[in-house]
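Numbering (the working numbering), first residue to last: 39 to 491.
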């Protein structure tokens, strides 16, 4: 039976993985920036400043995913137009997406600068942690603008099936971020030690460079000439902008409901103590790495689904989507096993504080269990996004994380005294709920399309 299943889906496995792997690396770049910040600060600046990074990353990730979600609205539209061979429409979509993303970035910057930097004083966090968190958050707020420019051109290229270029830019960007982060935090080459502010500055510089390189590449490369002929300001119009927003806004909400649940969990954990918050940062950072890998596979599923929808090839659409589910289940099973078996070793990447390591090791066992649910729910969202089904999945994510996950975590962790572990149990059940409901939605929509092929 397994041999028959493998034979049926083998072409889809290889096709999907070939498209997905560069996306996985470039998607991972977003998380590796914050991972690098955590590692550098944890080793060179201490537990209090690591807790500050945890607090800021928890708050900023909510802002980040709103921006990323809006930018993701471009990819399925480009994939669909390419499948239908409407190349002129691609350039028009790109110019409208760029304007929309820059506008979104400015709004998000204002939200952080005038809102979050004030709110952070009133959410029950340690004053010491807050003092270190504010300047770091300020740098990240500015960095959202070049990041959204980078995202525009990245999503455009990936929608066309060109996935390696953003991967290479992300790799070099992360190397620059790490090198500059160490120099600024420690204080080298005549620069005074900057502590946690240093990783904020290195992230800003890194994102500016990535935006410039990706923009120049897309506009000058021979590969994209046929697609950017209509990349002109005269094609700015409300209809195309609305088309992108109709996909991007629900995607932004989907990501924000999940990430804000984890941000809410971090704030709840911060009321327990700085050591617990630092441990949460270690565990969630490791879990975020596997999530972004899964997100890369989901993005490839979106592109393949959009292409097949444009070609009206509904049998391949469903088979390719099922293959993506198979791939993610296998991959997340391996990462779950790694988290469980190496739960006392992995935290040393971030810190040598034994109290933090002890708590983080417990959380990694829980994280091992939610790996499968996290992976399958994000692939379900990716496939549904490719066929333009975004509104019902958005409602599903809201129910799973904010009606079930966070309230249950609060009940178990705070009210019943299970502490940080109880909060993570709630998050795990939220992921399970999302995974099951999205899979049922996937089955309904793709079976309907395949039956009408």
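From the three backbone atoms N, C-alpha and C, an ideal C-beta is built for every residue, glycine too.
As the structure is a computational prediction, the values presented were derived from the model and not from experiment.
Taking the alpha-carbon of residue i as reference, which of the options has the nearest alpha-carbon?
{"i": "residue 282", "options": "457, 58, 134", "result": "134"}
{"i": "residue 178", "options": "238, 234, 116", "result": "238"}
{"i": "residue 94", "options": "108, 173, 59", "result": "173"}
{"i": "residue 395", "options": "354, 319, 343", "result": "319"}
{"i": "residue 165", "options": "86, 267, 294", "result": "86"}
{"i": "residue 325", "options": "310, 374, 359", "result": "374"}
{"i": "residue 492", "options": "321, 286, 210, 255", "result": "This structure gives no information on residue 492, because the portion of the chain shown stretches from 39 to 491."}
{"i": "residue 188", "options": "407, 168, 331, 137", "result": "137"}
{"i": "residue 313", "options": "356, 372, 393", "result": "393"}
{"i": "residue 400", "options": "457, 433, 361", "result": "457"}
{"i": "residue 269", "options": "277, 280, 256", "result": "256"}
{"i": "residue 123", "options": "145, 102, 346, 397", "result": "346"}
{"i": "residue 408", "options": "386, 464, 420, 445", "result": "464"}
{"i": "residue 417", "options": "370, 486, 354", "result": "370"}
{"i": "residue 486", "options": "431, 352, 88", "result": "352"}
{"i": "residue 144", "options": "114, 110, 102, 111", "result": "102"}
{"i": "residue 31", "options": "64, 476, 334", "result": "Residue 31 lies beyond the range of the chain shown here (39 to 491); nothing can be said about it."}
{"i": "residue 484", "options": "175, 152, 350", "result": "350"}
{"i": "residue 482", "options": "430, 331, 53, 203", "result": "430"}
{"i": "residue 287", "options": "110, 475, 333", "result": "110"}
{"i": "residue 427", "options": "308, 477, 449", "result": "477"}
{"i": "residue 504", "options": "414, 389, 385, 410", "result": "One cannot answer for residue 504 here, as it falls past the ends of the chain, which runs 39 to 491."}
{"i": "residue 265", "options": "425, 152, 191", "result": "191"}
I need the DSSP call for residue i, collapsed to helix, strand or coil.
{"i": "residue 374", "result": "helix"}
{"i": "residue 267", "result": "coil"}
{"i": "residue 229", "result": "coil"}
{"i": "residue 388", "result": "coil"}
{"i": "residue 427", "result": "coil"}
{"i": "residue 45", "result": "helix"}
{"i": "residue 413", "result": "helix"}
{"i": "residue 368", "result": "helix"}
{"i": "residue 484", "result": "helix"}
{"i": "residue 381", "result": "coil"}
{"i": "residue 471", "result": "helix"}
{"i": "residue 454", "result": "coil"}
What are the boundary residues of the alpha helix (DSSP H) that residue i is part of?
{"i": "residue 318", "result": "312-349"}
{"i": "residue 137", "result": "125-149"}
{"i": "residue 304", "result": "276-308"}
{"i": "residue 115", "result": "112-121"}
{"i": "residue 171", "result": "165-197"}
{"i": "residue 249", "result": "234-258"}
{"i": "residue 448", "result": "444-448"}
{"i": "residue 206", "result": "202-224"}
Tell me which same chain residues have a C-beta within less than 6 Å of the C-beta of residue i, skipping the five on either side of it?
{"i": "residue 471", "result": "438, 442"}
{"i": "residue 468", "result": "438, 439, 442, 443"}
{"i": "residue 329", "result": "412"}
{"i": "residue 90", "result": "167, 170, 171, 234"}
{"i": "residue 248", "result": "188, 207, 211"}
{"i": "residue 98", "result": "178"}
Beta-carbon within less than 8 Å of residue i's beta-carbon, same chain only, minus the 5 sequence neighbours each way: which residues are those?
{"i": "residue 57", "result": "199, 201, 338, 341, 342"}
{"i": "residue 493", "result": "There is simply no residue 493 to check, as the chain begins at 39 and stops at 491 in what is shown."}
{"i": "residue 183", "result": "140, 143, 144, 147"}
To which residues of the same chain is residue i closer than 7 Å at the C-beta, ignoring the five residues directly before and after it?
{"i": "residue 100", "result": "294, 297, 298, 301"}
{"i": "residue 142", "result": "105, 108, 186"}
{"i": "residue 127", "result": "119"}
{"i": "residue 116", "result": "128, 131, 194, 197, 198"}
{"i": "residue 242", "result": "177, 180, 181"}
{"i": "residue 240", "result": "215, 218, 219, 222"}
{"i": "residue 261", "result": "200"}
{"i": "residue 355", "result": "343, 346, 347, 484, 487"}
So, is the C-beta of residue i closer than 8 Å to a C-beta in chain B?
{"i": "residue 428", "result": "In the structure shown, chain B cannot be found, because there is only a single protein chain."}
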